[in-house]
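For the sequence shown, position 79 matches number 79 in UniProt numbering, and the numbering has no gaps at all.
One structure below.
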Amino acid sequence: MPPTVAVVGGGISGLAACFHLLRAPRPPKPAPAPWQGFGHLVPSSEDPALLGIVYDSVAFPEHDGTPVTPGKPPLRLTVMLGGAWFRQSFGDPALVAPELLLRRARAAVSDHLGLAGTPTHAIVRVQQDCIPQYTLGHWERLERIQRFLKEQQLPLSLIGASYSGVSVNDCIASAKAAVGRILGSPP
Ligand SMILES: Cc1cc2nc3c(=O)[nH]c(=O)nc-3n(C[C@H](O)[C@H](O)[C@H](O)COP(=O)(O)OP(=O)(O)OC[C@H]3O[C@@H](n4cnc5c(N)ncnc54)[C@H](O)[C@@H]3O)c2cc1C
Numbered sequence: 001m002p003p004t005v006a007v008v009g010g011g012i013s014g015l016a017a018c019f020h021l022l023r024a025p026r027p028p029k030p031a032p033a034p035w036q037g038f039g040h041l042v043p044s045s046e047d048p049a050l051l052g053i054v055y056d057s058v059a060f061p062e063h064d065g066t067p068v069t070p071g072k073p074p075l076r077l078t079v080m081l082g083g084a085w086f087r088q089s090f091g092d093p094a095l096v097a098p099e100l101l102l103r104r105a106r107a108a109v110s111d112h113l114g115l116a117g118t119p120t121h122a123i124v125r126v127q128q129d130c131i132p133q134y135t136l137g138h139w140e141r142l143e144r145i146q147r148f149l150k151e152q153q154l155p156l157s158l159i160g161a162s163y164s165g166v167s168v169n170d171c172i173a174s175a176k177a178a179v180g181r182i183l184g185s186p187p
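This is the structure:
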């Protein structure tokens, strides 16, 4: 039987595991923006209201959809505002006017990226409590679980942000390591 991965409730880490098993080639990316990269973060000392901007079209051009203007690649951005400084910058998250957030986001895009045009589409969402955190005793709990899996010789790999690492990078690294263990070869 070929090596098999069962993805349970798999998000990014499950996808990463499947990707590394299949060794799928990446489709070529067009360059929709003059700046390349995932995005940039802004230190709170510089602007507490602005957390950063993600260049979605650069990271995931395949999600861009059909260009509004034929021949002109669409450009999608995510402006992240607020965080721990939301109340001091915008007031009560339940009451804030979406127009205020959109204005602030457009100002950030103009200041930081030099894009002053009006977006064809804009979606404003207030995501409350959206960054989960490990609770006290996480690592001890994890060590107990890993010991149990080993003792019981269960063919189960725990990968993803719930267990170790908080970013997509960590998810990919732990997925690669898990697949390496399944295949008996280092990643
Ligand atoms: C707002 C925000 C911004 C972020 N920005 C970045 C960033 O810029 N760069 C970066 O590297 N990382 C970022 N992260 C972290 C990154 O998104 C996570 O590390 C990553 O998504 C974790 O992947 P995962 O596969 O472990 O879990 P997830 O992608 O969260 O997937 C878990 C899946 O399991 C499902 N699920 C949960 N419980 C059950 C159940 N009982 N039954 C069935 N399914 C279930 C969920 O619906 C979900 O689809 C960000 C996270 C947040 C919240």
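Every residue, glycine too, gets a C-beta built ideally from N, C-alpha and C.
Quantities reported herein were computed from a predicted structural model and do not represent experimental measurements.
- prompt: Three or more C-beta pairs closer than 8 Å, one from the region 97–112 and one from the region 60–75: is that the case here?
  reply: no
- prompt: Is DSSP giving H40 helix, strand or coil here?
  reply: In the sequence shown, residue 40 corresponds to position 40, counting from 1. If DSSP states are grouped into helix, strand and coil, H40 belongs with the strands.
message: Using a Cβ-based criterion (distance less than 7 Å to any ligand heavy atom), does G82 qualify as near ligand 1?
response: Position 82 of the sequence shown, counted from the start, is the residue given in the question as residue 82. No, Cβ of G82 sits at least 7 Å from all heavy atoms of ligand 1.
message: Mapping the DSSP letters down to three states, classify I182 as helix, strand or coil.
response: Position 182 of the sequence shown, counted from the first residue, corresponds to residue 182. Of the three classes helix, strand and coil, the one that applies to I182 here is helix, per DSSP.
query: Tell me which same chain residues have a C-beta within less than 8 Å of the C-beta of N169, skipping the five on either side of it?
result: Along the sequence shown, one-based indexing puts residue 169 at 169. So no residue of the chain qualifies.
message: I'd like to confirm something about A161: is its beta-carbon nearer than 7 Å to some heavy atom of ligand 1, or not?
response: Position 161 of the sequence shown holds residue 161. Yes; taking the cut-off as 7 Å, the Cβ of A161 has a heavy atom of ligand 1 nearer than that.
Residue ranges of each alpha helix (DSSP H) within the UniProt domain "Amine oxidase" (33–183), 4 or longer: 56–59, 86–90, 98–113, 138–151, 168–183
field: Cβ distance (whole Å) where G180 is taken to contact C171 below 8 Å
entry: Here residue 180 corresponds to residue number 180 of the sequence shown, with the count starting at 1. Here residue 171 corresponds to residue number 171 of the sequence shown, with the count starting at 1. With 8 Å as the limit, G180 and C171 do not qualify as a contact, their Cβ atoms being about 15 Å apart.
task: Going by CA-CA distance only, name the one from S185, S157, S162 that's closest to A175.
output: By one-based count along the sequence shown, residue 175 stands at place 175. A175 has its Cα closest to that of S157, out of S185, S157, S162.
message: Just to confirm before moving on: does the CB-CB distance between A105 and L81 stay below 8 Å?
response: Position 105 of the sequence shown, counted from the first residue, corresponds to residue 105. Position 81 of the sequence shown, counted from the first residue, corresponds to residue 81. For A105 and L81, yes; Cβs fall inside 8 Å.
query: What separation, rounded to the nearest whole angstrom, lies between the Cα atoms of H112 and L50?
result: Taking the first residue of the sequence shown as position 1, residue 112 is located at position 112. Taking the first residue of the sequence shown as position 1, residue 50 is located at position 50. Between H112 and L50, the C-alpha separation is close to 11 Å.
- request: Report the option in Y134, H40, H121 whose CA atom is closest to the CA atom of Q75.
  value: The count along the sequence shown starts at 1 and reaches residue 75 at position 75. Looking at the sequence provided, one finds Leu at residue 75 rather than Gln. Looking at the Cα atoms, H121 is the closest of the given residues.
message: Are there any heavy atoms of ligand 1 lying less than 7 Å away from the beta-carbon of S57, as far as the coordinates show?
response: Residue mapping note: residue 57 aligns to position 57 of the sequence shown, counting from 1. It does not: the Cβ of S57 is nowhere closer than 7 Å to a heavy atom of ligand 1.
message: For S164 and L41, what's the separation of their Cα atoms in angstroms?
response: If you number the sequence shown from 1, residue 164 lands on position 164. If you number the sequence shown from 1, residue 41 lands on position 41. Cα to Cα, S164 sits roughly 23 Å from L41.
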